[in-house]
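Engineer:
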Amino acid sequence: MIGSPYNDGMMSYGSTTPLYNDTRRKIGEDFREDGRFVFDEKSVREQDYQLIDSSASTLDIKIETPYPLHLENTDFVSKEVRIRGIRYSVLKVDKDRNKPALFWYLQKEGLVNE
1 MIGSPYNDGM
11 MSYGSTTPLY
21 NDTRRKIGED
31 FREDGRFVFD
41 EKSVREQDYQ
51 LIDSSASTLD
61 IKIETPYPLH
71 LENTDFVSKE
81 VRIRGIRYSV
91 LKVDKDRNKP
101 ALFWYLQKEG
111 LVNE
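Read in order, the letters of the sequence shown are residues 1 to 114 in this note's numbering.
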């Protein structure tokens, strides 16, 4: 898209399932991608930290993505996000009132093991 504000990269979201061998020992993970969005990285404001306000969570990155209305009933908080080889858990997703956009508040979980 020409003039698109989403020029910081591509993120994928989905679910991770552990993989086990015959002796029930964990041998890896399987990431099932549900979709992808282009995104724009945003500055984290003091209000954003207050919005998360949980001692067990750390807000590491905030991104904005387009909001396809056909995904209106999707529970993004239960998903995992992957950006540039890094896994993130979703702390919160907010809708923009003025335009079809989503704001994702993410906590870094580690590197992708592929």
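Yeah, the Cβ is synthetic: ideal placement off N, Cα and C, and Gly gets one too.
Quick one: what's got a C-beta closer than 6 Å to P18's C-beta in the same chain, skipping five residues either side?
Structural biologist: K26, E29
Engineer: Under a CB-based cut-off of 8 Å, is V81 close to chain D?
Structural biologist: Considering every chain present, this structure includes no chain D. It has just one protein chain.
Engineer: Just the C-alpha distance for F76 and D22, rounded to the nearest angstrom, thanks.
Structural biologist: 32 Å
Engineer: Tell me where the alpha helix (DSSP H) around Y49 begins and ends.
Structural biologist: Y49 -> alpha helix (DSSP H) spans 46-52.
Engineer: Can you give the Cα-Cα distance for F39 and K62, rounded to whole angstroms?
Structural biologist: 10 Å
Engineer: Bridge partners for F39 per DSSP, in chain order?
Structural biologist: G9
Engineer: Taking the alpha-carbon positions, what's the E109 to K99 distance?
Structural biologist: 30 Å
Engineer: Shortest alpha-carbon distance to D34 belongs to which of Q50, R24, T16?
Structural biologist: Taking D34 as reference, the option from Q50, R24, T16 with the minimal CA-CA separation is T16.
Engineer: Taking F31 as the reference, which of P5, N73, R82, E64 has the closest Cα?
Structural biologist: R82
Engineer: Comparing C-alpha positions only, which one of Y13, D8, G9 sits nearest to K79?
Structural biologist: The candidate whose alpha carbon is nearest that of K79 is Y13.
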